[in-house]
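**Q** First, the structure itself, so that you have it in front of you.
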Amino acid sequence: MPCTTLRQNFRSLVKQIKRCSQRSQSWRRPPRANQAERLVASIRHLSSSHRIAAALVAFSHLRRYLSHPLSRHLDHPISSLLAAATYLRSFSHGSGLHALSFFLGLLPANPFTVSRIAAFYAAFGLLDSARAAVEDSSTALAFPWNIVIPAYLEKGYWQDAIFSYGMMLERGIKPR
C-alpha cells in the first residue's frame with residue numbers, strides 16, 4: 574500500500590477519533606493511573622461487540638493516558654480494533670489502524686498486529702498487501718504466514734502460495 578494512502582487513512586482515522594471523542598459522554602474524566610487495564614478490557618469488549626466507534630474513543634483515551642506511545646498496552650487494543658474492522662468490513666478503519674500501528678512502531682516486531690493486518694487485507698482480497706505486511710515484519714513466527722498462504726490457496730493462486738512458503742522457509746521459520 575503506498576505511503577500516501579496510509580497517511581491519508583491515518584489522518585481520516587484521527588479525525589474520526591476526535592469527532593467520536595467530542596461526542597462521547599461516558600469518558601469525561603481522564604483515566605487514573607490504575608485504569609489502563611480497564612481501558613484495554615473495555616476496548617476488547619467494545620471491539621468484540623462490534624461497536625468500533627466507542628472502541629476508538631476508548632483507544633484515544635488510552636493513548637492520551639499512556640506516557641510512552643510504544644507501551645505494551647497498545648498491542649492488544651489495536652489487534653482487537655483490527656478484528657472488528659475486518660468483521661464489519663470497514664476498509665477505512667482497518668487501513669487507518671494499519672497506518673497507526675506503523676506510526677507507533679508496532680508493526681515490524683509484533684506478530685499479533687501483523688497477523689491481524691494480514692487477515693484484514695486477506696478478507697478484502699488484497700493478498701499482495703497481506704503478504705507485504707508479513708514480509709516487512711521482523712517476526713520469526715509462523716502464524717502470520719499461516720494466514721497468507723491459505724488465503725492464496727483459497728483464491729487458487731498456487732504459485733504465490735508456494736512462493737510465500739519458500740519465503741517463510743528462507744527466513745528460517747519452521748512451518749507449524
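Using our numbering, the first residue of the sequence shown is number 574, and each one after it goes up by one. Just so you know, even glycine gets a beta-carbon here, dropped at the ideal spot from N, CA and C.
Thinking just about the alpha-carbon of each residue, which of Tyr694, Ala656, Ala631 is nearest to the one in valine 721?
**A** Stepping through the sequence shown from its first residue, residue 721 is reached at position 148. Per the Cα distances, Tyr694.
**Q** Quick check: phenylalanine 716 and serine 674, are their CB atoms within less than 8 Å of each other?
**A** Here residue 716 refers to the residue found at position 143 of the sequence shown. Here residue 674 refers to the residue found at position 101 of the sequence shown. Going by C-beta atoms, phenylalanine 716 is not nearer than 8 Å to serine 674.
**Q** Are the CB atoms of alanine 609 and leucine 619 nearer to each other than 8 Å?
**A** As a working note, residue 609 is residue 36 in the sequence shown. As a working note, residue 619 is residue 46 in the sequence shown. No, these two residues do not count as a Cβ contact at 8 Å.
**Q** Indicate whether serine 585 and serine 665 have their beta-carbon atoms separated by less than 8 Å.
**A** Residue mapping note: residue 585 aligns to position 12 of the sequence shown, counting from 1. Residue mapping note: residue 665 aligns to position 92 of the sequence shown, counting from 1. In contact: serine 585 and serine 665 (Cβ atoms closer than 8 Å).
**Q** Which value, in whole angstroms, describes the spacing of the CA atoms of cysteine 623 and leucine 635?
**A** On the sequence shown, residue 623 is found 50 positions in, with the first residue counted as 1. On the sequence shown, residue 635 is found 62 positions in, with the first residue counted as 1. Note on identity: in this sequence residue 623 is histidine, with cysteine being the wrong assignment. One C-alpha to the other measures close to 19 Å.
**Q** So, helix, strand or coil for phenylalanine 716, using DSSP?
**A** Reading the sequence shown from its first residue, position 143 is the one you call residue 716. Three-state DSSP puts phenylalanine 716 in coil, outside helix and strand.
**Q** Restricting to Cα atoms, I'd like to know which of Ile746, Leu670, Leu700, Asp648 is closest to asparagine 582.
**A** Taking the first residue of the sequence shown as 1, we reach residue 582 at position 9. When each option's Cα is compared against that of asparagine 582, the closest is Leu670.
**Q** State the DSSP-derived secondary structure class of arginine 636, mapped to helix, strand or coil.
**A** For this step, residue 636 is matched to residue 63 along the sequence shown. The answer is helix: DSSP assigns arginine 636 an H, G or I state.
**Q** Under the three-state reduction of DSSP, which class applies to alanine 682: helix, strand or coil?
**A** Taking the sequence shown and counting its residues from 1, the one referred to as residue 682 is at position 109. Three-state DSSP puts alanine 682 in coil, outside helix and strand.
**Q** How close, in whole Å, do the beta carbons of leucine 734 and leucine 726 come, if the pair is a contact with beta carbons under 8 Å?
**A** Sequence index remark: in the sequence shown, residue 734 carries index 161 (1-based). Sequence index remark: in the sequence shown, residue 726 carries index 153 (1-based). According to the sequence shown, residue 734 is alanine rather than leucine. Contact flag correct, Cβ pair sits at about 5 Å.
**Q** Could you tell me the distance, in whole angstroms, from the CA atom of alanine 724 to the CA atom of tyrosine 738?
**A** Within the sequence shown, the letter at position 151 stands for residue 724. Within the sequence shown, the letter at position 165 stands for residue 738. Distance between the alpha carbons of alanine 724 and tyrosine 738 is about 12 Å.
**Q** Tell me the DSSP secondary structure of lysine 517 in three-state form.
**A** Lying before the first or after the last residue shown, residue 517 is absent from the chain, which here runs from 574 to 749.
**Q** As a quick exercise: from Ser711, Ala706, Ala692, pick the residue whose alpha carbon is nearest that of isoleucine 561.
**A** This structure cannot speak to residue 561, because the chain is shown only from 574 to 749.
**Q** Grab me the residues of alanine 696's own chain with a C-beta within less than 6 Å of its C-beta, minus the 5 sequence neighbours each way, in chain order.
**A** Position 123 of the sequence shown holds residue 696. Excluding positions up to five away in sequence, the list reads Thr659.
**Q** From tryptophan 718 to arginine 704, what distance separates their C-alpha atoms?
**A** If you number the sequence shown from 1, residue 718 lands on position 145. If you number the sequence shown from 1, residue 704 lands on position 131. Spanning the two alpha carbons is a distance of roughly 8 Å.
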